[in-house]
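Structure first, then comments.
2 protein chains.
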Amino acid sequence: LRTLRLIIEYNGKGLSGFQLQSQLPADKTVQGALEKALERMTQHPVRLRAASRTDAGVHARGQVVAFETDRDRIPCEGFARGVNDLLPEGIVVRAAEEAPPGWHPRRQARGKHYRYVLWVDPYPTAIDAHRVWWRSQPLDLEAMNQAGSLLLGTHDFEAFRSAGCSAHHAMRTLYRVEVVPGPRSEVHIEVLGNAFVRNMVRIIAGNLVEVGQGRRAPESLGVLLASRDRTQGGMTAPASGLCLEEVIYDDRLPPRPKNNADHGPG
Amino acid sequence: LRTLRLIIEYNGKGLSGFQLQSQLPADKTVQGALEKALERMTQHPVRLRAASRTDAGVHARGQVVAFETDRDRIPCEGFARGVNDLLPEGIVVRAAEEAPPGWHPRRQARGKHYRYVLWVDPYPTAIDAHRVWWRSQPLDLEAMNQAGSLLLGTHDFEAFRSAGCSAHHAMRTLYRVEVVPGPRSEVHIEVLGNAFVRNMVRIIAGNLVEVGQGRRAPESLGVLLASRDRTQGGMTAPASGLCLEEVIYDDRLPPRPKNNADHGPG
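As you go down the protein sequences, you meet chains A and B in turn. Using the numbering used here, you'd call the opening residue of the first sequence number 526 and step up by one each time. Using the numbering used here, you'd call the opening residue of the second sequence number 526 and step up by one each time.
Here's what the structure looks like:
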């Protein structure tokens with residue numbers, strides 16, 4: 526039995542998130558579409574394991590999945606190309622490789638890099654609308670960075686977790702929260718952490734934007750973190766701006782402690 | 526009577542091109558959607574003049590249009606915002622300003638900057654698929670640049686013009702044809718010219734890609750140009766990779782000679 530690891534890119538627009546939902550057509554979820562394509566390739570049932578359960582509308586350039594197959598003849602590259610021919614528009618396999626038996630993309634992950642993309646401009650964008658959050662007023666990036674730095678390190682992120690999160694606790698470690706100018710009118714919020722509670726990156730982004738607009742003091746993010754109270758915080762930024770850029774397995778990050786469950790799309 | 530000039534961005538995917546087509550719903554063409562939105566704003570009939578008639582599937586970040594209105598009270602910025610609220614997804618006004626009476630966005634243009642975006646990667650992209658042409662084999666950018674340089678200057682571009690082009694002749698001037706690496710796996714073909722015959726940029730892109738793949742010698746583009754024969758050339762690259770980036774009116778470019786009709790989307 527082989528274990529294969531795939532890197533997946535998808536356009537979250539029009540999709541109902543990563544996770545299979547029995548009441549939806551297979552092609553409306555990434556997992557459903559992928560399992561269907563993999564089952565056609567392998568001619569046997571496939572159940573995927575994934576690094577992250579991204580929500581409806583959230584994008585990924587570096588989602589990682591793994592599964593088992595007894596098809597020994599198909600080389601990885603041919604496998605990836607064949608699956609791409611079977612996938613619906615908006616979902617592609619970007620790489621395929623052999624993995625150790627039973628390898629688990631979430632449990633083995635040392636961390637994840639999410640990027641939240643803002644379009645900061647008096648006017649919206651048409652060509653990139655699906656992957657940004659449009660903010661028409663200028664933002665104070667320095668204040669946002671000051672606020673973001675207060676979240677670095679290991680904390681209880683209870684105040685940055687949405688209802689319905691099934692993780693046992695919200696202790697997580699953030700290695701990077703940085704707000705940097707992107708191309709054209711884009712502003713990128715780069716968030717790198719060992720793991721994330723539900724909607725954590727979108728709640729961070731929502732609060733940082735309020736700081737950038739001057740509606741919230743940078744220091745208030747430290748107060749919010751200490752409060753452990755979601756109701757003290759700002760809005761959850763919309764899914765469209767969020768992208769799972771990369772799942773990190775190598776020694777750029779330290780190994781994760783045991784029993785640190787990871788739930789939800791950040 | 527005021528003349529207003531608008532800069533328009535649109536996602537060509539799902540649109541049937543710029544020009545109004547009486548047999549199609551208004552929202553399937555950029556002109557149709559814009560005229561409908563402007564008519565609702567002004568409460569009078571509107572007929573647009575445009576810098577370029579982009580084809581179905583072609584994008585624009587800097588299309589320029591002009592029209593007349595007798596509504597004196599609406600300031601430009603409020604006008605643009607109001608129109609954006611009325612436009613369908615995929616079309617936005619990026620700027621609005623007063624223009625001299627009767628100003629014509631095509632006749633006054635000194636040139637246009639088109640970008641053709643290739644996605645050069647063994648695997649496709651999902652998030653940006655709508656705005657690239659995927660080529661799975663590596664390309665020789667040096668050979669492409671060598672070939673592109675043979676097109677610079679004033680020539681009869683008959684061999685780079687598609688059937689159905691209504692221009693009287695194909696004499697045009699190219700100021701820049703440059704192939705440069707873009708972000709991630711993108712390669713950009715930057716084309717700057719005084720005006721363009723129909724499908725000119727897409728035919729240039731198709732030929733340059735054949736050069737990059739080694740299927741055509743760089744020097745053959747000079748031969749093709751001299752032949753004035755479209756049937757000697759390579760394929761027309763697909764619409765998805767093409768974007769009208771900017772229409773140039775200022776003295777970055779010399780004024781155009783008179784009677785130089787400009788037809789089609791490049």
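We put the beta carbon where it would ideally sit given N, CA and C, even for glycine.
Notebook entry, point to check: When the cut-off is 7 Å and only beta carbons count, does B:S541 lie next to chain A?
Noted result: One-based indexing of the second sequence puts residue 541 of chain B at position 16. No - not a single Cβ of chain A is within 7 Å of the one on B:S541.
Next item on the list: Could you tell me whether any Cβ in chain A is nearer than 7 Å to the Cβ of B:V748?
Entry: What you label residue 748 of chain B is simply residue 223 of the second sequence in a count that begins at 1. At least 7 Å separates the CB of B:V748 from every CB of chain A.
Margin query: B:L769 and B:A621 - do their beta-carbons sit closer together than 7 Å?
Written below: Position 96 of the second sequence, counted from the start, is the residue given in the question as residue 621 of chain B. Position 244 of the second sequence, counted from the start, is the residue given in the question as residue 769 of chain B. Not in contact: B:A621 and B:L769 (Cβ atoms no closer than 7 Å).
Next item on the list: Sort A:V704, A:Q633, A:R596, A:P626 by Cα distance to A:V645 and report the nearest one.
Entry: As a position in the first sequence, residue 645 of chain A is number 120, starting the count at 1. Here the closest residue by C-alpha is A:V704.
Item checked: Element boundaries [beta strand (DSSP E), containing B:D681] -> Along the second sequence, read from residue 1 onward, the residue named residue 681 of chain B stands at position 156. Element bounds for B:D681: 678–681.
Check: Does the beta-carbon distance from B:W658 to B:L676 come in below 7 Å?
Finding: Here residue 658 of chain B refers to the residue found at position 133 when the second sequence is read from its first residue. Here residue 676 of chain B refers to the residue found at position 151 when the second sequence is read from its first residue. No, they are not a contact pair.
Notebook entry, point to check: Quick one: what's got a C-beta closer than 6 Å to B:N724's C-beta in the same chain, skipping five residues either side?
Noted result: The residue given as residue 724 of chain B occupies position 199 in the second sequence. The residues are S687, T761.
Next item on the list: Out of A:M696, A:L767, A:L699, point me to the one whose CA is closest to A:G731's CA.
Entry: As a first step, residue 731 of chain A is located in the first sequence; it is residue number 206 there, counting from the start. With distances taken between Cα atoms, A:G731 lies closest to A:L767.
Checklist line | Range of the contiguous beta strand (DSSP E) that encloses A:C690 | finding: Taking the first sequence and counting its residues from 1, one reaches residue 690 of chain A at position 165. Looking at the DSSP string, A:C690 is not in any beta strand (DSSP E), and its letter there is neither H nor E.
Note to self: Rounding to the nearest angstrom, what Cα-Cα distance links B:L526 and B:D595 in this structure?
What the structure shows: The sequence position of residue 526 of chain B within the second sequence is 1, counting from 1. The sequence position of residue 595 of chain B within the second sequence is 70, counting from 1. About 5 Å.
Check: Helix, strand or coil: which one does DSSP assign to B:Q489?
Finding: Residue 489 of chain B is absent from the structure shown; chain B starts at 526 and stops at 791.
Notebook entry, point to check: Which residues in the same chain as B:T650 place their Cβ atom closer than 6 Å to its Cβ, once the five residues preceding and following it in sequence are excluded?
Noted result: The residue given as residue 650 of chain B occupies position 125 in the second sequence. So the qualifying residues of the chain are W644.
Notebook entry, point to check: Run through DSSP, which three-state label would A:K637 get?
Noted result: Counting from one through the first sequence, the residue named residue 637 of chain A turns up at place 112. Of the three classes helix, strand and coil, the one that applies to A:K637 here is strand, per DSSP.
Margin query: Counting C-beta neighbours from all protein chains within 10 Å, is the total for B:L813 16 or more, i.e. buried, or is it exposed?
Written below: With chain B represented from 526 up to 791, any question about residue 813 of chain B goes unanswered, as that position is not in the structure.
Next item on the list: Spatial neighbours of B:G542 within its chain, please: CB distance less than 8 Å, with the 5 preceding and 5 following residues excluded, ordered by chain position.
Entry: Here residue 542 of chain B is taken as the residue at index 17 of the second sequence, counted from 1. Closer than 8 Å at the Cβ level, and outside the excluded window around B:G542, lie T554, V555, R578, T579, D580, A581, G582, V583, P790.
Check: Can you find a C-beta in chain B that's less than 7 Å from the C-beta of A:Y700?
Finding: One-based indexing of the first sequence puts residue 700 of chain A at position 175. Taking a beta-carbon distance threshold of 7 Å, A:Y700 does not count as an interface residue toward chain B.
Notebook entry, point to check: Since B:F592 sits in a beta bridge, which residues does DSSP pair it with?
Noted result: Along the second sequence, one-based indexing puts residue 592 of chain B at 67. DSSP, once it has assigned bridges, lists B:L529 as partnering B:F592.
Checklist line | 8 Å contact criterion, which A:F592 and A:L529 should meet: CB distance rounded | finding: Translated into positions along the first sequence, residue 592 of chain A becomes position 67. Translated into positions along the first sequence, residue 529 of chain A becomes position 4. Sure, about 6 Å apart at Cβ, within 8 Å.
Next item on the list: Using the Cα positions of B:Q544 and A:R755, report the straight-line distance between them to the nearest angstrom.
Entry: Sequence index remark: in the second sequence, residue 544 of chain B carries index 19 (1-based). Sequence index remark: in the first sequence, residue 755 of chain A carries index 230 (1-based). About 50 Å.
Check: Going along the stretch 583–594 of chain A in order, which residues come within less than 8 Å of chain B, judged by CB to CB distance?
Finding: Cβ contacts with chain B: H584, R586.
Next item on the list: Within the same chain, show all residues whose beta-carbon is closer than 7 Å to that of B:W628, passing over the 5 residues directly before and after it, in chain order.
Entry: Counting from one through the second sequence, the residue named residue 628 of chain B turns up at place 103. Residues T528, R530, A591 of the same chain have their beta carbon placed closer than 7 Å to that of B:W628, with the five preceding and five following residues left out of the count.
Checklist line | Short CB-CB distance (under 7 Å) between B:R660 and chain E | finding: No chain E is present in this structure, whose protein chains are A and B.
Notebook entry, point to check: DSSP on A:T567, reduced to helix/strand/coil?
Noted result: Sequence index remark: in the first sequence, residue 567 of chain A carries index 42 (1-based). Correct three-state label for A:T567: helix.
Item checked: Residues from the stretch 529–540 of chain A in contact with chain B, defined by Cβ distance under 7 Å -> Cβ contacts with chain B come from E534, Y535, N536.
Notebook entry, point to check: Tell me which same chain residues have a C-beta within less than 7 Å of the C-beta of B:K647, skipping the five on either side of it?
Noted result: Indexing the second sequence from 1 puts residue 647 of chain B at position 122. At residue 647 of chain B the sequence reads Pro, which differs from the Lys that was named. If we look at B:P647 and ignore the five residues flanking it on each side, its Cβ neighbours are S661.
Check: By the 10 Å Cβ neighbour count, where 16 or more other Cβ atoms means buried, how is A:Q568 classified, buried or exposed?
Finding: Stepping through the first sequence from its first residue, residue 568 of chain A is reached at position 43. With fewer than 16 Cβ atoms within 10 Å of its Cβ, A:Q568 is classed as exposed.
Checklist line | Reference B:A668, options B:N536, B:L733, B:V571, B:L559, closest by Cα | finding: Residue numbering aside, residue 668 of chain B sits at position 143 when the second sequence is read from its first letter. Selected option, being the one with the closest Cα: B:L733.
Margin query: If I measure Cβ to Cβ from B:G707 and keep anything under 6 Å in the same chain, skipping five residues before and after, which residues do I get?
Written below: Position 182 of the second sequence, counted from the start, is the residue given in the question as residue 707 of chain B. H713, listed in sequence order.
Next item on the list: Using a threshold of 7 Å, state whether the C-beta atoms of A:L778 and A:R635 are closer than that.
Entry: Counting from 1 along the first sequence, the entry for residue 778 of chain A is found at position 253. Counting from 1 along the first sequence, the entry for residue 635 of chain A is found at position 110. Cβ atoms of A:L778 and A:R635: closer than 7 Å.
Checklist line | Candidates A:R598, A:V722, A:R741, A:V736, of which the one nearest A:S691 by Cα | finding: Stepping through the first sequence from its first residue, residue 691 of chain A is reached at position 166. For the residues A:R598, A:V722, A:R741, A:V736, the minimum Cα distance to A:S691 belongs to A:V722.
Check: What are the boundary residues of the alpha helix (DSSP H) that A:G737 is part of?
Finding: Numbered from 1 along the first sequence, position 212 holds the residue referred to as residue 737 of chain A. Under the DSSP assignment, A:G737 falls in the alpha helix (DSSP H) whose first and last residues are 725–737.
Next item on the list: With a threshold of 16 other CB atoms inside 10 Å of the CB of A:H788, please say whether the residue is buried or exposed.
Entry: Position 263 of the first sequence, counted from the first residue, corresponds to residue 788 of chain A. A caution first: A:H788 carries a pLDDT of 49, below 50, which makes its placement in the model unreliable, though a value can still be read off. By the Cβ-count criterion, A:H788 is buried, with 16 or more other Cβ atoms from all chains shown falling within 10 Å of its own Cβ.
Margin query: Suppose you measure from the CA of B:D665 to the CA of A:V589; what does that come to, to the nearest Å?
Written below: Counted from its first residue, the second sequence places residue 665 of chain B at position 140. Counted from its first residue, the first sequence places residue 589 of chain A at position 64. Taking the straight line from one Cα to the other gives about 31 Å.
Margin query: Only counting the same chain, and skipping five residues up and downstream in sequence, which positions put a Cβ closer than 8 Å to that of A:R781?
Written below: For the purposes of this step, residue 781 of chain A is taken as the residue at position 256 of the first sequence. These residues qualify, in order along the chain: A634, R635, G636, N719, A720.
Next item on the list: Tell me where the beta strand (DSSP E) around B:V618 begins and ends.
Entry: Mapped onto the second sequence, residue 618 of chain B falls at position 93. Run containing B:V618: 616–624, per the beta strand (DSSP E) assignment.
Check: If A:I652 and B:R727 are in contact, beta carbons under 8 Å, what's the gap, nearest whole angstrom?
Finding: Sequence index remark: in the first sequence, residue 652 of chain A carries index 127 (1-based). Sequence index remark: in the second sequence, residue 727 of chain B carries index 202 (1-based). In fact, because the Cβ distance is near 18 Å, the residues do not count as touching under 8 Å.
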